[in-house]
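Take our numbering: the final residue in the sequence shown is number 567, and no numbers are missing along the way. All C-beta atoms in this analysis are idealised placements derived from N, C-alpha and C, irrespective of residue type, glycine included.
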Amino acid sequence: MESREEMNSREETKSKGNACLERILDSSLLQGTNGKNIVMMREIVRGMALSLIPKDRRFFVKAGMKLNELPNELELEEAVDMEKVSLMENFISKIPPKMSPKSKKLTTLLLSGNSLEEIPEAFFRHMHALKYLDLSRNPIKSLPNSISNLKNLTALLLSECENLEELPSLSKLVDLKKLNLEKTRIKEVPQGMECLVKLWYLNLRFISCLEEIPRGLLPNLQGLQHLAIHPTLSRPEEIMELNKLETFEGRFADLQDLSKYVDFLWKQSKRSIKYFILVGKTVEYKLHSCTNSVTVKDCNTEGSCVLPWNVEEFVIEKCNDLSSLNGVSGLQEATLLRKCRIEECEGLESVFSSRCPQLESLESLVLRHLKNLNVLVAYPEPLLHAFSSLKVLFLFKCPKIKILFTTKLPPRQHLTNLEQVIIWGCDQMEQIIEEEEEDEEEEEEILSDTTEFTFPKLKELELWHLPELKSICSRERVMLCKSLQKLEIWNCPKLKRIPLKLDISSDNGKVFHHHPLKEIKMKPNEWKSIEWDHPKAKDALSSLVKIM
């Protein structure tokens, strides 16, 4: 499938491809698949496309046709001139032992998404022109040695062949540019990989049986632009020798190795290297949504955790010596940080202990199982614009925190970008938003200015298992939430008031609410006892309530 002789920048090529794909999707020539990262060609479009192929080009396409065996056409005399064959997404489980298609001009063979457990030795014997071979998502256990002789192969895709334990030698595949072994069961890298000097894409992700990469292998692959690797890298300096690297996904054993890599990124500041880095031997490999992501788990972070300046997502788990994120070196310079998740860090008492750029730029904050967390920001003076960019807040099992947000009046630019707030199982939580006291003159001026907290983008508010929660905000305030669609309050026995400002009208004795609110979940006793600021709120909202 690769047609160009010289490989351009992978990221540049990817961007151009994505732009073309968007245009095709906008034209309805392709269809998406419910949010999954794949697209499908419509049947009528596929038929038209195949009809437009010149007669001197031999394409054989039987994708998604529910085939149980290879078509007989592959063994006919006409198969000699076939150039591209697609049999993907069928139910083919066996290839006859002596089957050897004489497809000498075949350049592309797609057999992904079938049920193949074995491929006969003779099957590839005559496919000398083959360049693109996709066997992904097959329960195949091994590959025939004849693959070693496919000298023109540029792409070998074996992702999600979850029974595959070994490969034949790749030493003769010197033109190979793309090798995908994701989610296989190989225990060691294939023989001859050091010969793949043209390789630019190597995916060794989610391979739990592969324990290490041989010393000196990676520096031989100087053409690598994309490297995804599951085993812990004990020699980060070998990554630093890859001068064309654009994307790196990998794991380091400790924070010292991360520091070495961060130094490398500083030196390569003129190059755009995207990364997804795990630190710690017990870190689970999960793909995150951000491009530049660092996950640290079960490490001694005191004075040794260093973040890259361009990190966008930071996850830290089970690092008990950390009292706040301000103890992480490089945090002040990490002005692109947008997402942060902290879990099971027993020593954490505050998320931030002093002023930090991330207070105004952070968009997502997830806090889980932090038994000593007592405040989000431990700073002596209220910060007016703190969390002004925050969109998502998830607080789970943080038993000591009593007040979530502290703000000075007026609350005009505080938390105005919030879209989702979920608070669950915080035993001592008493109030969501606490207002700092002002002197009398300033307070009078402020109170005359506004009595509303405005959350124009808030769509979801969930408060679960908060036994001490008495109020969401002060009784003098109401919340204007014109985008709120979902409200859940469950097992908050001391909460007696919902301070939502509702747009309610009546007509011929019937009460209506003009609000995007679609769903309310509460316990029966809480729905009965809770107070709303509008006297007819319960009548207007009763149809939305789901009693649990």
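Should residue i and residue j be called a contact, given that it needs their Cβ atoms to be closer than 8 Å?
i      : j      : result
Val313 : Ser343 : no
Leu246 : Leu229 : no
Lys124 : Glu88  : no
Phe333 : Cys375 : no
Glu365 : Asn391 : yes
His388 : Lys416 : yes
Val330 : Ser278 : no
Thr15  : Phe271 : Limits of the chain in this structure are 20 at one end and 567 at the other, which puts residue 15 out of reach.
Asp276 : Pro255 : yes
With a threshold of 8 Å on Cβ separation, who are the neighbours of residue i within its own chain once the five nearest residues in sequence on each side are excluded?
i      : result
Glu21  : Below a pLDDT of 50, predicted positions are generally treated as unreliable, and Glu21, at 42, falls in that range; no measurement from the model is reported.
Glu102 : Arg76, Arg77, Phe78, Lys124, Leu125, Thr126, Thr127
Leu341 : Thr320, Glu321, Cys324, Ile335, Val347, Cys364, Gly366, Leu367
Ala559 : Leu521, Ile523, Val530, Phe531, His532, His553
Could you give the first and the last residue of the continuous beta strand (DSSP E) run that contains residue i?
i      : result
Glu94  : No beta strand (DSSP E) contains Glu94, which DSSP labels as neither H nor E.
Pro250 : 245-252
Lys202 : Lys202 -> no beta strand (DSSP E), and no H or E assigned at all.
Gln439 : 439-443
Glu574 : Absent from the model: residue 574. The displayed extent of the chain is 20 to 567, so no value can be given.
Leu395 : 394-396
Ala556 : That residue, Ala556, is in no beta strand (DSSP E); its alpha helix (DSSP H) goes 556-560.
Leu128 : 127-129
Thr473 : 471-473
Met101 : 101-105
Leu195 : No beta strand (DSSP E) holds Leu195; DSSP gives it neither H nor E.
Leu189 : No beta strand (DSSP E) holds Leu189; DSSP gives it neither H nor E.
Ser312 : 312-316
Since residue i and residue j are thought to touch, with beta carbons under 8 Å apart, how far apart are those beta carbons, to the nearest angstrom?
i      : j      : result
Asn239 : Glu213 : 5 Å
Lys191 : Lys170 : 6 Å
Lys117 : His145 : That belief does not hold up - the Cβ atoms of Lys117 and His145 are roughly 13 Å apart, past 8 Å.
Lys337 : Glu363 : 5 Å
Lys217 : Gln244 : Actually they do not touch by this definition, with Cβ atoms about 11 Å apart.
Leu519 : Asp552 : 7 Å
Glu184 : Ile205 : 6 Å
Asn436 : Lys410 : 6 Å
Leu395 : Leu423 : 7 Å
Lys515 : Ser548 : 7 Å
Phe474 : Cys511 : So it is not a contact: roughly 19 Å between Cβ atoms.
Asn129 : Asp100 : According to the sequence as given, residue 129 is Leu; it is not Asn. That pair is no contact at about 18 Å.
Met259 : Phe295 : Rounded, the Cβ-Cβ distance is 17 Å, inconsistent with contact.
So, at 7 Å on beta carbons, what are the nonlocal neighbours of residue i in its own chain, with the 5 sequence-adjacent residues on each side left out?
i      : result
Glu257 : Leu237, Pro238
Glu108 : Ala82, Gly83, Gly132
Ile111 : Leu86, Asn87, Glu88, Leu89, Asn133, Ser134, Leu135
Pro418 : Lys390, Cys445, Asp446, Gln447
Ala148 : Lys123, Lys124, Leu125, Thr126, Asn171
Pro543 : Ile566
So, with DSSP's three-state summary, where would you put residue i?
i      : result
Ile517 : strand
Phe424 : strand
Asn164 : helix
Asn510 : coil
Val347 : coil
Trp483 : strand
Asn222 : strand
Ser380 : helix
Met448 : coil
Met212 : helix
Trp592 : The chain is shown only over 20 to 567; residue 592 falls outside these bounds and no answer can be derived.
Phe522 : Correcting the residue identity first, residue 522 is Asp in this sequence and not Phe. It is coil, neither helix nor strand.
Val298 : strand
Lys358 : strand
Asp153 : strand
Glu365 : coil
Lys478 : coil
Ala174 : strand
Glu545 : helix
Glu24  : Residue placement at Glu24 is flagged as unreliable, the pLDDT there being 40, under the threshold of 50; a coordinate-derived value is accordingly withheld.
Arg77  : strand
Leu563 : helix
In the DSSP assignment, find the unbroken alpha helix (DSSP H) run with residue i in it and report its ends.
i      : result
Ser278 : 274-286
Ile258 : 255-258
Leu236 : 236-239
Leaving aside the five residues before and after residue i along the sequence, list all residues of the same chain whose C-beta is less than 6 Å from its C-beta, in chain order.
i      : result
Ser524 : Phe531
Leu93  : Pro120
Ile442 : Leu414, Leu482
Gln210 : Ser188
Ile451 : Leu423, Ile491
Tyr220 : Lys197, His245
Leu106 : Lys81, Leu130
Pro163 : Ile138, Glu140
Got a sec: is the Cβ-Cβ distance from residue i to anything in chain E below 8 Å?
i      : result
Arg144 : In the structure shown, chain E cannot be found, because there is only a single protein chain.
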